[in-house]
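Numbering (this note's numbering), first residue to last: 177 to 682.
A short write-up of the structure that comes next.
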């Protein structure tokens, strides 16, 4: 063995040793594990520790770009057990986080770092509906697929996203957008009460009248202040029928930029609230092209759809690939979920980086910015090794229920947006490692819009499309509300127990 080879081997061994030592330290000493196991067992709380057969599975994030090692993953069955998990975490000087569905883009449900005590809420899975009032109590372990199905059985519905595996906990805490949101608002806009457990173990019910300051903060940043065990929501009657429409083109740069501009102008006309939708963009069939899809929901009789869309479709090329499906509301939700709402099937994983922009109604995206953006994705997007898409989700426009809510009514800080744009790029085969070129590809894509817009362009970002590399996330996610949220953190979690990378700072 050469001296150089020996030296390099020694260095590599030392680096691996330091890494393993750091991981081992973050997972807790045997004494800590014994103390946690004893305390949790005393209260009848199931738990998985490092080294247990279940640990690798229950600590696996949705986004495999991350790999965190909780000190333990607990499975409380009711609010009292959640309270005990919190008290035990405090006694051992551990940070505690809740996990609902586990779909956090940056694994905040695992703490976003090593050594966190996780309260997995999967056992809190009850849903009850009061048929007289329409109020539903939804425990935080439920996923959207379960909620959609259960409410539909009662003839009721909520605004929410389309992925059946997403947990209601984070979804409702930070927004909750879906195709019915222009008609009904965000998921958090339907919340009438939040049942939560505070950092001192107190179990309480926050409403407009009980703990109104906390109730405000829980509708926009709940996981910074406590562990929500259930929400009480005002459900809506499910529409008698619903139509999912899909028009798809392969367009060159000029046509695609004009299509986006036409869509932006169209949604600022007097379109009805029961029209929801988005533009989806993806890699085109050749360099200089993109696949351009108009996907939407129409929650009214089908007879009015063509006349409503005609002003937009007349500005887009002829002969799109078209698919229009009309049926029950439950059928529409199933279509948007990819064909199934069944959450018993194993959930998948991805390895990805995502960003978002929420664009202001007061300053629509300029033609210059749209052209620069489309030119980028049609060329660099074609040659990129990443699997990517971009969604222009329709939040605002005329008659939007999202924007009809007062800015200060909840902690959600964006009530004047036209679009939420999601930029999403997966690693090849959706498997790690994530290439460094993926970050540059997506960052530069977003920058084409920002750099070609006014210097004072008041855009924001959507906190459910959480971005671990967003430097000014406090302003982008929470805007003018951050100072008030910070004060609430001082009041309800002064020891910063509920801590993760994008938690409200103590």
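In this text, a Cβ means the ideal position worked out from N, Cα and C, and glycines have one as well.
Values in this document were obtained by computation on a predicted structure and should not be read as measured data.
Grouping DSSP H, G and I as helix and E and B as strand, with all else coil, what is residue i?
| i | result |
| --- | --- |
| residue 645 | coil |
| residue 605 | helix |
| residue 389 | helix |
| residue 678 | coil |
| residue 487 | helix |
| residue 384 | coil |
| residue 469 | strand |
| residue 712 | Residue 712 is absent from the model: the chain starts at 177 and stops at 682. |
| residue 565 | strand |
| residue 622 | helix |
| residue 224 | strand |
| residue 332 | strand |
| residue 589 | coil |
| residue 406 | strand |
| residue 302 | coil |
| residue 344 | helix |
| residue 440 | helix |
| residue 632 | coil |
| residue 210 | helix |
| residue 661 | helix |
| residue 296 | strand |
| residue 217 | helix |
| residue 323 | helix |
| residue 671 | coil |
| residue 685 | Summary: the structure shown does not reach residue 685, with the chain confined to residues 177 through 682, and so no result is reported for it. |
| residue 185 | A caution first: residue 185 carries a pLDDT of 43, below 50, which makes its placement in the model unreliable, though a value can still be read off. Residue 185 falls in the helix class under three-state DSSP. |
To the nearest angstrom, how far is the alpha carbon of residue i from that of residue j?
| i | j | result |
| --- | --- | --- |
| residue 209 | residue 343 | 28 Å |
| residue 401 | residue 282 | 19 Å |
| residue 509 | residue 236 | 28 Å |
| residue 469 | residue 457 | 6 Å |
| residue 559 | residue 553 | 9 Å |
| residue 380 | residue 370 | 8 Å |
| residue 528 | residue 561 | 13 Å |
| residue 189 | residue 526 | Low per-residue confidence applies at residue 189: pLDDT is 40, beneath 50, and the placement is therefore not dependable, though the value from the model is reported in the following sentence. Whole-angstrom Cα-Cα distance: 31 Å. |
| residue 257 | residue 673 | 17 Å |
| residue 454 | residue 564 | 16 Å |
| residue 620 | residue 614 | 10 Å |
| residue 144 | residue 625 | Residue 144 lies beyond the stretch modelled for the chain, which goes from 177 to 682, so this question has no answer here. |
| residue 622 | residue 433 | 15 Å |
| residue 339 | residue 227 | 32 Å |
| residue 324 | residue 511 | 12 Å |
| residue 518 | residue 524 | 13 Å |
| residue 604 | residue 617 | 14 Å |
| residue 446 | residue 548 | 29 Å |
| residue 702 | residue 399 | With the chain running from 177 to 682 in the structure shown, residue 702 is simply not present. |
| residue 430 | residue 597 | 20 Å |
| residue 390 | residue 503 | 41 Å |
| residue 531 | residue 600 | 7 Å |
Less than 7 Å between C-beta atoms, sequence neighbours within five positions excluded: which residues of the same chain meet that for residue i?
| i | result |
| --- | --- |
| residue 230 | 224 |
| residue 302 | 315 |
| residue 393 | 401, 587, 661 and 664 |
| residue 505 | 328, 333, 414, 415 and 418 |
| residue 475 | 356, 359, 415, 418 and 450 |
| residue 437 | 543 and 546 |
| residue 570 | 358, 443, 452, 453, 454 and 595 |
Nearer than 8 Å: is that true of the beta carbon of residue i relative to any heavy atom of the ligand FAD?
| i | result |
| --- | --- |
| residue 508 | Here there are no bound small molecules, and the ligand FAD is not part of this structure. |
Might you give, ordered along the chain, the residues of its own chain that have their beta carbon closer than 6 Å to the beta carbon of residue i, omitting 5 neighbours on each side?
| i | result |
| --- | --- |
| residue 440 | 540 |
| residue 681 | none |
| residue 198 | Residue confidence is low: residue 198 scores 44 on pLDDT, short of 50, so the model does not pin down where it sits. Its coordinate-derived value is still stated next. Taken in chain order, the list of residues that qualify is empty. |
| residue 675 | 271 |
| residue 336 | 320, 352, 354 and 363 |
| residue 218 | none |
| residue 215 | 264 |
| residue 507 | none |
| residue 699 | Residue 699 falls outside the range modelled here, since the chain spans only 177 to 682, and no answer is possible. |
| residue 422 | 471 and 499 |
| residue 242 | 283 |
| residue 368 | 408 and 410 |
| residue 375 | 669 and 673 |
Looking only at its chain, what residues have a beta carbon closer than 8 Å to the beta carbon of residue i, apart from the 5 residues adjacent to it on each side?
| i | result |
| --- | --- |
| residue 677 | 282, 284, 288, 289 and 644 |
| residue 428 | 464, 465 and 554 |
Three or more C-beta pairs below 8 Å linking the region 489 to 497 and the region 448 to 465: no
Whole alpha helix (DSSP H) elements within the region 240 to 289, 4-residue minimum: 255 to 267
Segment contact, 8 Å Cβ cut-off, at least three pairs: the region 668 to 675 with the region 646 to 657: no
Three or more C-beta pairs below 8 Å linking the region 575 to 585 and the region 625 to 644: no
The region 407 to 416 in contact with the region 310 to 324 per 3-pair CB rule at 8 Å: yes
Those runs of the alpha helix (DSSP H) which lie wholly inside the region 474 to 554 and span at least 4 residues: 481 to 489 and 505 to 512
Length at least 3, wholly inside the region 409 to 437: the beta strand (DSSP E) runs in chain order: 418 to 428
Cβ contact (3+ pairs, closer than 8 Å) linking the region 236 to 252 and the region 287 to 304: yes
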